[in-house]
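Asks:
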Amino acid sequence: MKNILTTLKLIDTFTLELDINKNDFIKNFKQHIKSSEFSFPSNTLDFSSNKTKYKGYIKQSEFKISKPLRAFKQKNFAVADGIFIQKDNKLFIETKIFIPNEQLFNFYFFIVMFIIGLIIFIFNHDDDGVRFLFGFGSIIGSVVFFFGILMAQDGVRSLKYELNKEFKNIELMQKENNKLN
1 MKNILTTLKL IDTFTLELDI NKNDFIKNFK QHIKSSEFSF PSNTLDFSSN
51 KTKYKGYIKQ SEFKISKPLR AFKQKNFAVA DGIFIQKDNK LFIETKIFIP
101 NEQLFNFYFF IVMFIIGLII FIFNHDDDGV RFLFGFGSII GSVVFFFGIL
151 MAQDGVRSLK YELNKEFKNI ELMQKENNKL N
């Protein structure tokens, strides 16, 4: 299953190397995160007007964050899960971005409905109306399924870009602060 999700680009991993101390990075990164739990109802139904960029948690060696739901923004499906590794003066951030199974439930539902429709089509040879309905239904179901996959891929790609940018900005801000001190 993981291979299928990776092939569909619904799971992405990357490692980023930064010239910053882990404690300084965590302190700066916490300013952008609203603490919240990752359970299905709260993750999907928590519409936020808070000004923080992300919601989730950050600990000394790991983090799990996502973008809060905002009205009219569709790229909020992805979740980032990562660990911090400090080696000498370098901080390595290994991040995995994925779509939670709760978010993919609708897509699984359409696959099951398509299979049921296919079984009905195979065993029902009498009525042409059923064949038309199956054909039309399978086209609509496929379009909805692949539209959802494209939205989820866009969410993964968007969160990866934003996290790369955010991590580099934190590194630059810390370097500026170190120069001033």
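Heads up, the final residue of the sequence shown is numbered 181 in our numbering, and it's a clean run with no missing numbers. Even glycine gets a Cβ: it sits at the ideal position worked out from N, Cα and C.
Leaving out the 5 sequence neighbours to the left and right, which residues in its chain are closer than 7 Å to residue 61 when beta-carbon positions are compared?
Replies: Position 61 of the sequence shown, counted from the start, is the residue given in the question as residue 61. Around residue 61: 83, 84.
Asks: Using 8 Å as the threshold, is the stretch 170 to 178 in touch with the stretch 17 to 32, meaning 3 or more CB pairs across them?
Replies: Enough Cβ pairs lie closer than 8 Å, so yes.
Asks: For residue 121, tell me which candidate among 109, 153, 136 has the shortest Cα-Cα distance.
Replies: As a first step, residue 121 must be located in the sequence shown, where it is residue number 121. Nearest option by C-alpha distance: 136.
Asks: Taking the C-alpha atoms as reference points, what is the distance between residue 7 and residue 153?
Replies: As a working mapping, residue 7 is identified with position 7 in the sequence shown. As a working mapping, residue 153 is identified with position 153 in the sequence shown. Rounded to whole angstroms, residue 7 to residue 153 spans 11 Å at the Cα level.
Asks: So, under 8 Å CB-CB, residue 110 and residue 156 are touching, yes? Tell me the CB distance rounded to an integer number of Å.
Replies: Walking along the sequence shown from the start, residue 110 turns up at place 110. Walking along the sequence shown from the start, residue 156 turns up at place 156. Their Cβ separation, rounded to whole angstroms, is 19 Å, which puts residue 110 and residue 156 out of contact at 8 Å.
Asks: I think residue 67 touches residue 54, with their Cβ atoms under 8 Å apart; what is that distance to the nearest whole Å?
Replies: The sequence position of residue 67 within the sequence shown is 67, counting from 1. The sequence position of residue 54 within the sequence shown is 54, counting from 1. Right, the Cβ-Cβ distance comes to about 6 Å (below 8 Å), so this counts as a contact.
Asks: Distance, Cα to Cα, residue 88 vs residue 18?
Replies: Within the sequence shown, residue 88 is the residue found at index 88, counting from 1. Within the sequence shown, residue 18 is the residue found at index 18, counting from 1. If I take the Cα positions, the gap works out to 11 Å.
Asks: Return the chain-ordered list of same chain residues with a C-beta closer than 8 Å to the C-beta of residue 96, the five sequence neighbours on each side being excluded.
Replies: Here residue 96 refers to the residue found at position 96 when the sequence shown is read from its first residue. The residues are 11, 12, 13, 80, 81, 82.
Asks: In the DSSP assignment, the alpha helix (DSSP H) including residue 25 goes from what residue to what residue?
Replies: The residue labelled residue 25 in the question sits at position 25 within the sequence shown. 22 to 30 is the span of the alpha helix (DSSP H), which, as asked, contains residue 25.
Asks: Please find out if some non-hydrogen atom of the ligand PLP comes closer than 7 Å to the beta-carbon of residue 85.
Replies: The ligand content of the structure shown is nil, which means the ligand PLP is not present either.
Asks: Once the 5 residues before and after residue 36 are set aside, which same chain residues still bring their CB inside 6 Å of it?
Replies: Within the sequence shown, the letter at position 36 stands for residue 36. Closer than 6 Å at Cβ, skipping near neighbours: 55.
Asks: Starting from residue 6, trace the alpha helix (DSSP H) in both directions and tell me its first and last residue.
Replies: Sequence index remark: in the sequence shown, residue 6 carries index 6 (1-based). It spans 2 to 7 - the alpha helix (DSSP H) in which residue 6 sits, taken as one unbroken run.
Asks: Give me whichever residues DSSP pairs with residue 87 in a beta bridge.
Replies: Here the question's residue 87 lines up with position 87 in the sequence shown. Bridge partners of residue 87: 90.
Asks: Are the CB atoms of residue 99 and residue 77 within a distance shorter than 8 Å?
Replies: Residue numbering aside, residue 77 sits at position 77 when the sequence shown is read from its first letter. Residue numbering aside, residue 99 sits at position 99 when the sequence shown is read from its first letter. In this structure, residue 99 lies closer than 8 Å to residue 77 by Cβ.
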